[in-house]
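The structure appears right after this line, and notes come after that.
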Amino acid sequence: MTASNVSPSPPPSQHNNKAIAALVAGLVLLLALVGIQNAPPPSALAPAVPRIDPNLVPLVTGEEPIQELFVRAGCVVCHRIPGIAGADGKVGPPLWLGKTGAARLADPQYRGQAQTVREYIVESVVSPGTYVVPGFPADTMPVWYGRKLTAGALDKIAAYLELAMDEP
Ligand code: HEC
Numbered sequence: 009m010t011a012s013n014v015s016p017s018p019p020p021s022q023h024n025n026k027a028i029a030a031l032v033a034g035l036v037l038l039l040a041l042v043g044i045q046n047a048p049p050p051s052a053l054a055p056a057v058p059r060i061d062p063n064l065v066p067l068v069t070g071e072e073p074i075q076e077l078f079v080r081a082g083c084v085v086c087h088r089i090p091g092i093a094g095a096d097g098k099v100g101p102p103l104w105l106g107k108t109g110a111a112r113l114a115d116p117q118y119r120g121q122a123q124t125v126r127e128y129i130v131e132s133v134v135s136p137g138t139y140v141v142p143g144f145p146a147d148t149m150p151v152w153y154g155r156k157l158t159a160g161a162l163d164k165i166a167a168y169l170e171l172a173m174d175e176p
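Per the numbering used here, the sequence shown starts with residue 9, numbered consecutively.
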């Protein structure tokens, strides 16, 4: 063997190392790009408050079965309601007033007119600003339910919710 036969290029093992390094760098870049694309946009991180268009809510008469009544009125979007399928909203408090109603009336911050839990429920629906449940956002529950729910519908809602309890 003569010196002219020695190849100037690095031995094959070094070649492989470079190729692997380039491949790993490429993969890392690719993963980073995919990660960036999958990250939610900043607006999606803020809790979404559903806005219900009153024009899309039909008049609720109280003739409807209770399940349909709560769905039609849109309550299910913001509230959990025991026994009502699909009522898993988290914007407002769970509507189990059989459990929580008495404490609302006893709250020193309560300034409303209601004497009973049933009256408190009606007041909460037609005049949400009268008492804002601590820990929940004010000015969020629609203020127009008095125009969309008949007296019969309100009575049916109150009769149901005053007995509603936490599910086991
Ligand atoms: C866009 C969201 C939203 C919708 C729709 C909505 N609510 Fe509410 N509701 C809230 C929020 C938020 C609160 C808590 C703040 C407050 O007291 O106003 C609340 C509070 C209440 C309370 C008082 C609960 C308690 O624990 O003292 C009752 C009762 C109630 N809602 C009933 C209803 C009924 C019935 C409907 C449908 C006819 C309805 N809500 C639709 C958001 C909503």
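Just so it is clear, CB atoms sit at the ideal spot from N, CA and C, and this is done for glycine as well. None of these values were measured; they are calculated from a predicted model.
Non-local beta-carbon contacts of G82 in its own chain, meaning distances under 7 Å to residues more than five positions away in sequence, involve I60 and V65 in chain order. In the three-state reduction of the DSSP assignment, R119 falls in the coil class. By the Cβ criterion, the segment 105-115 is in contact with the segment 128-142, since at least three pairs of Cβ atoms, one from each stretch, lie closer than 8 Å. Apart from sequence neighbours up to five positions away, the residues of its chain that approach G94 with a beta-carbon distance below 7 Å are V79 and V84, ordered along the chain. Contact annotation: A161 and T69 have beta-carbon atoms nearer than 8 Å.
Under the three-state reduction of DSSP, V85 is assigned to helix. When only Cα atoms are considered, P58 and W152 end up about 15 Å apart. The beta carbon of R88 sits no closer than 7 Å to any heavy atom of the ligand HEC. With respect to the C-alpha of A172, the residue from L77, Y118, T148 and P90 having the closest C-alpha is P90. Around the C-beta of L67, fewer than 16 other C-beta atoms lie within 10 Å, and the residue is accordingly described as exposed. Comparing alpha-carbon positions, the option among E175, I165 and D174 lying closest to I74 turns out to be I165. Taking the Cα positions, V130 is about 23 Å away from E175. Less than 8 Å divides the Cβ of L169 from the Cβ of L103.
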